[in-house]
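What follows is a set of notes on a single structure, which appears directly below.
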Amino acid sequence: MTVRPSPGDLLIIDGRASVQFAGDRALTFRVVSVSDQPTYHGWIWLTGYVLNRRGEATTKSEIYVQLAGLRPAHSTPGPRLPRATRPNASPNDQGDGSAVRVGAGLRAPADAR
């Protein structure tokens with residue numbers, strides 16, 4: 006990515022962008038702002054958030070990186086939401102009304118007399 010990043014961009018920051026992010030120190034970074042401060046040719050200051058594997062912001066950072074080493078990241082999944090459950094559903098309920106509570110006094114239709 007030799008195009009100047011914009012706020013909202015999701016980037017992979019690794020050893021290509023700067024040696025300080027080589028190997029296991031690579032990170033996924035959500036850009037918040039891009040500095041207009043003069044730097045060496047081909048380098049840039051970025052402010053943003055380091056994201057964990059679940060796409061959650063963990064740290065706000067200002068980093069100094071080479072434009073030529075920046076790569077767009079694929080979207081990370083957002084935080085997982087809990088599954089919706091029905092409050093009175095039994096573990097065997099498939100949502101079609103066919104579940105039978107064996108020990109709760111309910112009987113299968115064939116046993117009803």
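Just so it is clear: in the sequence shown, position 111 is 116 by my numbering, and no numbers are missing.
We put the CB at the ideal spot given by N, CA and C, even for glycine.
Remember, it's a predicted structure, so these values are computed and weren't measured experimentally.
Checklist entry - How would you write the range of the beta strand (DSSP E) that Ala-62 sits in, first residue to last? => result 62-71
Original post:
Mind checking Pro-10: buried by the 16 CB within 10 Å criterion, or exposed?
Top reply: buried
Check your understanding: Residues bridged to Thr-52 by DSSP?
Key -> Ser-38 and Glu-67
Using a Cβ-Cβ cut-off of 8 Å (strictly less than) and excluding sequence neighbours within five positions of Ala-31, which residues of its own chain qualify? Ile-17, Ile-18, Asp-19 and Gly-20
Segment limits, beta strand (DSSP E) that includes Leu-15:
15-18
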